[in-house]
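The sequence shown begins at 2 in this note's numbering and counts up by one.
Even for Gly, the Cβ is constructed at its ideal location relative to N, Cα and C.
To keep things clear, I will list the structure first and then write my remarks on it.
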Amino acid sequence: MECPSCGGALTLITETYEIPYFGMVLQSTFICSCGYRFVDIFPFEEKIPMRYTLPVGRDALCVRVVKSSTCVIEIPELGVRVEPGPASEGIVTNIEGILRRVESALKTAIQWGDPDQKRKGKKILKNLWDVLEGNGVVTVILEDPRGFSCIVSEKAVADTL
Ligand SMILES: [Zn+2]
Numbered sequence: 002m003e004c005p006s007c008g009g010a011l012t013l014i015t016e017t018y019e020i021p022y023f024g025m026v027l028q029s030t031f032i033c034s035c036g037y038r039f040v041d042i043f044p045f046e047e048k049i050p051m052r053y054t055l056p057v058g059r060d061a062l063c064v065r066v067v068k069s070s071t072c073v074i075e076i077p078e079l080g081v082r083v084e085p086g087p088a089s090e091g092i093v094t095n096i097e098g099i100l101r102r103v104e105s106a107l108k109t110a111i112q113w114g115d116p117d118q119k120r121k122g123k124k125i126l127k128n129l130w131d132v133l134e135g136n137g138v139v140t141v142i143l144e145d146p147r148g149f150s151c152i153v154s155e156k157a158v159a160d161t162l
């Protein structure tokens, strides 16, 4: 494969993980000498499109999450929906890691938005920081059309799409 950044040859490094209640996943990391890096994850078993919903307060921040490159992150209370872009990576992380991705998407939106969007974005960011500090509860929804993503918790509600 060619590097989308410089056209050079990409090096592929693979690793496998066992995720409880989800199965084995293959993590593929593409690296180029120019500094380009892209990671994605693929389950070994065939999956069906799923939506996971979890109420997130202080206790849920460390809940394990598998987020593939096609995963949509939604937090209805904050009016946030993060669609996967070309830079969206597949990672094994936790809820805090998911909220940090939302934080960085919001910061980008604030940077490029008009004054009204900046104002709204900053308000949402403040509420998000409250949740990250363990104050307040929001609902985190992960939706993956390939079913490659999962919130690994008994408290997460799983629905087929
Ligand atoms: Zn490159």
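Taking the Cα positions, Ile-14 is about 36 Å away from Val-139. For Ile-96, the three-state secondary structure derived from DSSP is helix. Non-local beta-carbon contacts of Ile-49 in its own chain, meaning distances under 7 Å to residues more than five positions away in sequence, involve Gly-148, Thr-161 in chain order. Contact annotation: Ser-150 and Leu-55 have beta-carbon atoms that are not nearer than 8 Å. Cβ neighbours of Ile-99 within its own chain (closer than 8 Å, five residues either side excluded): Val-66, Lys-68, Ile-74, Val-141, Leu-143. Within the same chain, Cβ atoms closer than 7 Å to the Cβ of Ser-6 are found at Cys-33, Cys-35, Tyr-37, the five residues on either side in sequence being excluded.
Tyr-22 sits exposed, since fewer than 16 C-beta atoms from the chains shown fall within 10 Å of its C-beta. Judged by DSSP in its simplified three-state form, Arg-147 adopts coil rather than helix or strand. According to the DSSP assignment, Gly-24 belongs to the beta strand (DSSP E) that extends over 24-32.
By the neighbour-count criterion, in which a residue is buried when 16 or more other Cβ atoms sit within 10 angstroms of its Cβ, Tyr-18 is exposed. Put simply, the backbone Cα of Glu-90 is about 5 Å away from that of Ser-70. Around the CB of Pro-44, 16 or more other CB atoms lie within 10 Å, so the residue is classed as buried.
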